[in-house]
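Participant:
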Amino acid sequence: MAIATQVMKKFINDPADVVKESLAGLAAAHPDLVRVDFENQIVVRKDAPTGKVAIISGGGSGHEPMHGGFVGAGMLDAACPGEVFTSPVPDQMLAATKAVDGGAGVVHIVKNYTGDVMNFKLAAELAEDEDIKVESVLTNDDVAVEDSLYTAGRRGVGITVLAEKIAGAKAEAGGSLAEVAAIARKVNDNGRSFGVAFTSAWTPSSPTPTFEIGADEMEFGVGIHGEPGRRREKVKPAAEIVAEMAEAILSDLDAPSGSNVLAFVNGLGGTPTIELYVIYNELAKQLAERGLTATRSLVGDYITSLEMAGASITLLKLDDELTQLWDAPVHTPALRWGR
Amino acid sequence: MAIATQVMKKFINDPADVVKESLAGLAAAHPDLVRVDFENQIVVRKDAPTGKVAIISGGGSGHEPMHGGFVGAGMLDAACPGEVFTSPVPDQMLAATKAVDGGAGVVHIVKNYTGDVMNFKLAAELAEDEDIKVESVLTNDDVAVEDSLYTAGRRGVGITVLAEKIAGAKAEAGGSLAEVAAIARKVNDNGRSFGVAFTSAWTPSSPTPTFEIGADEMEFGVGIHGEPGRRREKVKPAAEIVAEMAEAILSDLDAPSGSNVLAFVNGLGGTPTIELYVIYNELAKQLAERGLTATRSLVGDYITSLEMAGASITLLKLDDELTQLWDAPVHTPALRWGR
Amino acid sequence: MNADTVQRWLEQAAASLREQRDYLTQLDAAIGDADHGTNMDRGFTAVVAKLGETDGPSVGPGKLLTTAGGTLVSTVGGASGPLWGTALRRAGRALGDAEEFGSDELASALDAALEGVVELGAAHEGEKTMVDALGPAVRTLRESLAGGASLPDAVQAAFEASEEGMRATVPLQASKGRASYLGERSIGHQDPGATSTTLILGALASTVSAEK
Amino acid sequence: MNADTVQRWLEQAAASLREQRDYLTQLDAAIGDADHGTNMDRGFTAVVAKLGETDGPSVGPGKLLTTAGGTLVSTVGGASGPLWGTALRRAGRALGDAEEFGSDELASALDAALEGVVELGAAHEGEKTMVDALGPAVRTLRESLAGGASLPDAVQAAFEASEEGMRATVPLQASKGRASYLGERSIGHQDPGATSTTLILGALASTVSAEK
Ligand SMILES: Nc1ncnc2c1ncn2[C@@H]1O[C@H](COP(=O)(O)OP(=O)(O)O)[C@@H](O)[C@H]1O
Ligand SMILES: Nc1ncnc2c1ncn2[C@@H]1O[C@H](COP(=O)(O)OP(=O)(O)O)[C@@H](O)[C@H]1O
Ligand SMILES: [Mg+2]
Ligand SMILES: [Mg+2]
Ligand SMILES: [Mg+2]
Ligand SMILES: [Mg+2]
């Protein structure tokens, strides 16, 4: 059976083409929403550039629907997908920035990974050389990582989805470059996430899965690229897992009893919906115990790690402003309401 | 490693509680859309009964979001989830039928499985005893099964999702009991599906996965309960798999060159979005070759088989009526647009 | 025979279904969806609980069976729920309100059960279903009684006929139920429903033979 | 040394990165995300292709390096793309437009490369990154040249210093890059970026020693 764990079973052709072919599928399925510029490997909102402040994001592929699936009215103007689990190159972000800038400036939403940060930094410099105003916003919500001098800082995970939606609404509402960037930062500051994995993702170009994990083990605090978390431990009941995830998040997020939150239960790719709702059920109990109310929810696969079996929880403390922006219409391949 | 394949890794507590706990999560996450009657184990639209013709469906659990995730405005009025992979009991369908009937009658959308058919039949008889008008619609779109005297007939799979959406729109538009049932049958008659699995689902209460499959094998024509398909074969490139899936469907569906179709690429639970779009890309080529145009698309996990890695393709031949009803607003936990 | 006979029968059936639960599920995994053992066990456990509520003596054997059948319909789901539920309800109705019943009534009750199953499921012998076990059993019971066999012997013969029918499902290709999706691949496997049927008839045989 | 030297260096670097591709990726799998080999190979393959276009002689060594750096930035992504891209661009700028360059210029070019990396990545020696290999190499090159060593010997010494620095990353706990997420779990693993750095410096050493 050892070999059994070493055969990759995926709907792909040449592993080298998976990103481009998946983007081609996105373009074919949603011609009304997005177009894909294959030369620059970017997904651009069909009607870009618009007059409003534009928002782009990007990162390694393998996290679909993030980010390409979030391009459309009320969310992103463009997405820059890198190779699987590898941040995109500055050329992509520059091309995207130029493609969507309507003169009001462009917000770059960047997940806090060394590679993403450096590539976006170079891109922002290049864009400014071309007189495009750029504001960069860093997401770093993963509480599994100690935020200290001894790490590259917290990883950007689930909150990125919520920041893109809410900043997108702010831009749609006519917010200025500074205002859109500010609301994205507000979302990041008020959100925390934590992930757990049962199995490893398998990068198509890699000879083996990203990490080995025992048949009865889970990674508590996993990152979306399979980065290790706080510890390896035996699989246990959902009630215990979720209680610990919630504690990790809520001991870090300042959400006093009486607060409203957006509860986001995210599947990492290989975990089915039936389980995501079991998790939500446990999470609801954890929130209730602490006097917190989930006035908004999101349940599904929105930021994945290829076929990794696992899930993450993101909690965002809500106020009226964030709630209204969350409720505002959005129309993208992966997130849609109000139109 | 043999044992590795024999340890169940799921976000669950007691396997006996997984269905109820998942329903509790659904209710907690979407209190604005649905309520769950735990005594009868049914998911009911929050504002039921409405004056319109009501639509209920049901079947074994393990296919989430189907059906509970489709309860809401413009789709189902109630869903009856059975135990995992076991059809619900007549009591559930009777309770659901009574809960949603506003006097205009109730359509039962039933997937063609012996158990579902018989349980819904008994329920319909009981409902009629209580003077509720019931119209039953059978979905049987899985072309992997020979429809002959020697089988229980084709299985109801992906088309069920589309039938529930479109019939829901018809009911919302004020269609009569007969009209709503008729449109659901029209969808079934004009749709065909085909599924492929890389791995088996694992029923929580079962000591082992439903079926064994080699490390390099796939089941070509799999059913959503892990029922076998046309053959076992070696995994191959997505282009070849999808070409054969499309051929199986289009050699059975009468869709002449020039026809418009709704192309539905469905993940079976363990296959990530990046792969679903690779499939869509290949499907688009297959359609183009035959002079078919996908004027509408749906890509995601809508009818799953627990954590099974695999995907299904459903093609629905569209006319103006079906297209308009598809575009009509829908607001459920899993499918939402237009409001 | 009376209500106690029926109660003992159902209790014994529940016990052996519980005992064979995983075996039945494995049979179903081979040609179905791996839940038959769970389904039957869930149903008969509920039946026994239900009979616990309705205090035995006051209720006649017919009513006991219809109650049991209703409980199966309400708790099993799947194909076997409606089928066995209908079977027991029909058998109960056949027994009517009598406090006691004899071998002829038992035979008619099982005839009615079989009829109910065929009416609902439209399966005939040879389609690799529970009918392949129930059909021969019902026939054999009548024949042996007609041949003058004692009730225990006749029921034992019926049970053995069901076992034979069960074994005979192995080479068959299923044309009803989930297993039919397998086409030729269903050949070589024993039908789970036929198997649980023999367990239930086995329970009947030992109950009857235990009667004084 | 001239443009041909640089071209041979980059070609040899590309060759050994290609050869060690899976090894580098495995090192990255242990403490990162299993793509470092793929990244570096993709980048240097593109560099060699690019140099093929720009016909050698007409272009000076400085320009060659800045072009190579730009190509890395545009093709690698990840952390190593901007870092190595910046390193080569800075080195190229340091060489300027001269057709030829000597040991001092080479040393200054590598100084500039290191500076660029530290400026962008803010990592210092001891944080378990490529800097742990590049830093000692640059220092050693200057020192051995100052000590009167021949250029080939000095570059060889620099290469060996980088190897030592690479090995010295094993016991370190990473505080930069992905590996830092591991905390103490990063201890005991060799840093992939430091490893690819020694491969690139090894290519330089053999190129230089091959010069007449
Ligand atoms: N149409 C039918 N008539 C009679 N018995 C049937 C029919 N269809 C299925 N069965 C019986 O039901 C059994 C399967 O029961 P079970 O597994 O509990 O339900 P399901 O197939 O819905 O999972 C089969 O082994 C077969 O004996
Ligand atoms: N801040 C930094 N400064 C210098 N080098 C770094 C820094 N962060 C990471 N590195 C180097 O990059 C290497 C990883 O490169 P690579 O795997 O290609 O990128 P990524 O980590 O984005 O996947 C690490 O082994 C380390 O040597
Ligand atoms: Mg990477
Ligand atoms: Mg079943
Ligand atoms: Mg079954
Ligand atoms: Mg890496």
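From first to last, the protein sequence lines stand for chains A, B, C and D. Residue numbering for the first sequence follows our numbering, beginning at 1 and increasing consecutively. Residue numbering for the second sequence follows our numbering, beginning at 340 and increasing consecutively. Residue numbering for the third sequence follows our numbering, beginning at 679 and increasing consecutively. Residue numbering for the fourth sequence follows our numbering, beginning at 891 and increasing consecutively. The beta carbon of each residue, even a glycine, is placed where N, CA and C say it ideally should be. Given the structure is predicted, the values throughout are model-derived calculations rather than measurements.
(1) How about residue 886 of chain C and residue 830 of chain C: do their beta carbons lie closer than 8 angstroms?
(2) Less than 7 angstroms separating the Cβ of residue 931 of chain D from some heavy atom of ligand 3?
(3) Spatial neighbours of residue 637 of chain B within its chain, please: C-beta separation below 6 angstroms, excluding the five flanking residues on both sides.
(4) Taking C-beta to C-beta, are residue 519 of chain B and residue 446 of chain B nearer than 8 angstroms?
(5) Taking 7 angstroms as the cut-off, does the CB of residue 85 of chain A come closer than this to any heavy atom belonging to ligand 3?
(6) Looking at the structure shown, is residue 251 of chain A part of a helix, part of a strand, or coil, going by DSSP?
(7) Indicate whether residue 556 of chain B and residue 575 of chain B have their beta-carbon atoms separated by less than 8 angstroms.
(8) Is residue 742 of chain C near ligand 1, with its Cβ less than 7 angstroms from a heavy atom?
(9) Taking 8 angstroms as the threshold (beta carbon to beta carbon), is residue 4 of chain A in contact with chain B?
(10) Say yes only if the C-beta of residue 440 of chain B is nearer than 7 angstroms to one or more non-hydrogen atoms of ligand 6, and no if none qualify.
(11) Check distances from the C-beta atoms of the region 294-317 of chain A to those of chain B and list, in chain order, the residues that come in under 7 angstroms.
(12) Quick check on residue 1 of chain A: does DSSP put it in helix, strand or coil?
(13) Tell me, to the nearest whole angstrom, how far the beta carbon of residue 261 of chain A is from that of residue 322 of chain A; I am working on the premise that it is less than 8 angstroms.
(14) How would you write the range of the alpha helix (DSSP H) that residue 870 of chain C sits in, first residue to last?
(15) Mapping the DSSP letters down to three states, classify residue 818 of chain C as helix, strand or coil.
(16) Who are the neighbours of residue 965 of chain D on chain A, taking C-beta pairs under 7 angstroms?
(17) Leaving out five residues before and five after residue 213 of chain A in sequence, what residues of the same chain have Cβ atoms less than 7 angstroms from its Cβ?
(18) Indicate whether at least one CB of chain C lies closer than 8 angstroms to the CB of residue 494 of chain B.
(19) Excluding the 5 residues flanking residue 748 of chain C on each side, which residues of the same chain have their C-beta closer than 7 angstroms to its C-beta?
(20) Does residue 483 of chain B pass the burial test, meaning 16 or more other C-beta atoms within 10 Å, or should it be called exposed?
(21) Comparing alpha-carbon positions, which option in A:155, A:63, A:252 and A:95 lies nearest residue 56 of chain A?
(22) On the three-state DSSP scale, how would you describe residue 460 of chain B?
(23) Short of 7 angstroms in beta carbon distance, which residues of its chain neighbour residue 5 of chain A, apart from the five on each side in sequence? Order them along the chain.
(24) Rounded to whole angstroms, what is the Cα-Cα separation between residue 79 of chain A and residue 247 of chain A?
(25) Identify each residue in the region 910-934 of chain D for which the Cβ-Cβ distance to at least one residue of chain A is less than 7 angstroms, and report them in chain order.
(26) Please give the ranges of any beta strand (DSSP E) in the region 153-241 of chain A, keeping only runs that are unbroken, at least 3 residues long and fully inside the region.
(27) So, using beta-carbon positions, are residue 327 of chain B and residue 11 of chain A closer together than 8 angstroms?
(28) First and last residue of the alpha helix (DSSP H) that includes residue 901 of chain C?
(29) Would you give the residue range spanned by the alpha helix (DSSP H) that residue 362 of chain B belongs to?
(30) One question on the structure: do residue 710 of chain C and residue 870 of chain C come within less than 8 angstroms of each other, judged by their Cβ atoms?
(31) Out of curiosity, what's the CA-to-CA distance linking residue 340 of chain B and residue 208 of chain A?
(32) In whole angstroms, what separates the C-alpha of residue 1094 of chain D from that of residue 61 of chain A?
(33) I'd like to know if residue 114 of chain A contacts chain D, where contact means its C-beta is closer than 8 angstroms to some C-beta of that chain.
(34) Anyone know if the C-beta pair for residue 74 of chain A and residue 59 of chain A falls short of 8 angstroms?
(35) Check whether chain B comes within 8 angstroms of residue 243 of chain A, counting only Cβ atoms and requiring the distance to be less than that.
(36) Here's the rule I'm using: 16 or more other beta-carbon atoms within 10 Å means buried, otherwise exposed. How should residue 488 of chain B be labelled?
Facilitator: Quick look at the numbers:
(1) Here the question's residue 886 of chain C lines up with position 208 in the third sequence. Here the question's residue 830 of chain C lines up with position 152 in the third sequence. Their beta carbons are under 8 angstroms apart, which means residue 886 of chain C touches residue 830 of chain C by this criterion.
(2) If you number the fourth sequence from 1, residue 931 of chain D lands on position 41. It does not: the Cβ of residue 931 of chain D is nowhere closer than 7 angstroms to a heavy atom of ligand 3.
(3) Within the second sequence, numbered from 1, the residue matching residue 637 of chain B stands at position 298. Cβ neighbours of residue 637 of chain B beyond the five flanking positions: 603.
(4) Against the second sequence, residue 519 of chain B aligns to sequence position 180. Against the second sequence, residue 446 of chain B aligns to sequence position 107. Against a cut-off of 8 angstroms, the Cβ pair of residue 446 of chain B and residue 519 of chain B comes out as a contact.
(5) Within the first sequence, numbered from 1, the residue matching residue 85 of chain A stands at position 85. Yes, ligand 3 has a heavy atom inside 7 angstroms of this Cβ.
(6) Locating residue 251 of chain A in the first sequence gives position 251, counting from the first residue. Note: residue 251 of chain A maps to coil in three-state DSSP.
(7) Translated into the one-based positions of the second sequence, residue 556 of chain B becomes position 217. Translated into the one-based positions of the second sequence, residue 575 of chain B becomes position 236. No, the Cβ-Cβ distance between residue 556 of chain B and residue 575 of chain B is not below 8 angstroms.
(8) As a working mapping, residue 742 of chain C is identified with position 64 in the third sequence. No, ligand 1 has no heavy atom inside 7 angstroms of this Cβ.
(9) Here residue 4 of chain A corresponds to residue number 4 of the first sequence, with the count starting at 1. Its pLDDT being 40, under 50, residue 4 of chain A is placed unreliably in this model, and the value from its coordinates should be taken loosely. With 8 angstroms as the cut-off, residue 4 of chain A counts as an interface residue toward chain B.
(10) Your numbering for residue 440 of chain B matches position 101 in the second sequence. For ligand 6, not one heavy atom lies less than 7 angstroms from the Cβ of residue 440 of chain B.
(11) 297, 299, 301, 304, 306, 307, 309 and 311
(12) Within the first sequence, residue 1 of chain A is the residue found at index 1, counting from 1. Low per-residue confidence applies at residue 1 of chain A: pLDDT is 35, beneath 50, and the placement is therefore not dependable, though the value from the model is reported in the following sentence. Coil, per DSSP.
(13) Counted from its first residue, the first sequence places residue 261 of chain A at position 261. Counted from its first residue, the first sequence places residue 322 of chain A at position 322. Contact doesn't hold; Cβ gap of about 10 angstroms is too wide.
(14) By 1-based counting over the third sequence, the position of residue 870 of chain C is 192. Here the alpha helix (DSSP H) through residue 870 of chain C covers 870-888.
(15) Position 140 of the third sequence, counted from the start, is the residue given in the question as residue 818 of chain C. DSSP places residue 818 of chain C in helix when its eight states are reduced to three.
(16) Position 75 of the fourth sequence, counted from the start, is the residue given in the question as residue 965 of chain D. Simply 89.
(17) Position 213 of the first sequence, counting from 1, holds the residue named residue 213 of chain A. Excluding residues within five positions, the ones whose Cβ falls inside 7 angstroms are 199, 200 and 219.
(18) On the second sequence, residue 494 of chain B is found 155 positions in, with the first residue counted as 1. It does; some Cβ of chain C falls within 8 angstroms.
(19) Counting from one through the third sequence, the residue named residue 748 of chain C turns up at place 70. Contacts found: 763 and 767.
(20) Mapped onto the second sequence, residue 483 of chain B falls at position 144. Per the 10 Å Cβ criterion, buried.
(21) Reading the first sequence from its first residue, position 56 is the one you call residue 56 of chain A. Ranking the options by Cα distance to residue 56 of chain A, first place goes to A:95.
(22) By one-based count along the second sequence, residue 460 of chain B stands at place 121. It is helical.
(23) Mapped onto the first sequence, residue 5 of chain A falls at position 5. Only weak support is given to the placement of residue 5 of chain A: the predicted model assigns it a pLDDT of 49, under 50, and the value that follows is read from those uncertain coordinates. Counting only Cβ-Cβ distances below 7 angstroms, and skipping sequence neighbours, we find nothing.
(24) Along the first sequence, read from residue 1 onward, the residue named residue 79 of chain A stands at position 79. Along the first sequence, read from residue 1 onward, the residue named residue 247 of chain A stands at position 247. Each residue's alpha carbon lies about 33 angstroms from the other.
(25) 912, 915, 919, 923, 924, 925, 928 and 929
(26) 191-197, 217-220 and 231-234
(27) In the structure displayed, chain B extends from 340 to 678; residue 327 of chain B sits before or after that span and is not available.
(28) Chain C is shown from 679 up to 890; residue 901 of chain C falls before or after that span and cannot be answered.
(29) Your numbering for residue 362 of chain B matches position 23 in the second sequence. Here the alpha helix (DSSP H) through residue 362 of chain B covers 357-368.
(30) The sequence position of residue 710 of chain C within the third sequence is 32, counting from 1. The sequence position of residue 870 of chain C within the third sequence is 192, counting from 1. Yes, Cβ-Cβ distance for residue 710 of chain C and residue 870 of chain C is below 8 angstroms.
(31) Position 1 of the second sequence, counted from the first residue, corresponds to residue 340 of chain B. Position 208 of the first sequence, counted from the first residue, corresponds to residue 208 of chain A. Model confidence at residue 340 of chain B stands at a pLDDT of 35, short of 50, so the residue's coordinates are unreliable and nothing is read from them.
(32) Position 204 of the fourth sequence, counted from the first residue, corresponds to residue 1094 of chain D. Position 61 of the first sequence, counted from the first residue, corresponds to residue 61 of chain A. Spanning the two alpha carbons is a distance of roughly 34 angstroms.
(33) The sequence position of residue 114 of chain A within the first sequence is 114, counting from 1. So, interface residue.
(34) Residue numbering aside, residue 74 of chain A sits at position 74 when the first sequence is read from its first letter. Residue numbering aside, residue 59 of chain A sits at position 59 when the first sequence is read from its first letter. No; because the gap between Cβ atoms is not below 8 angstroms, this pair is not in contact.
(35) Residue 243 of chain A sits at position 243 when you count from the first residue of the first sequence. Not an interface residue.
(36) On the second sequence, position 149 is the one that residue 488 of chain B refers to. Flag for residue 488 of chain B reads exposed.
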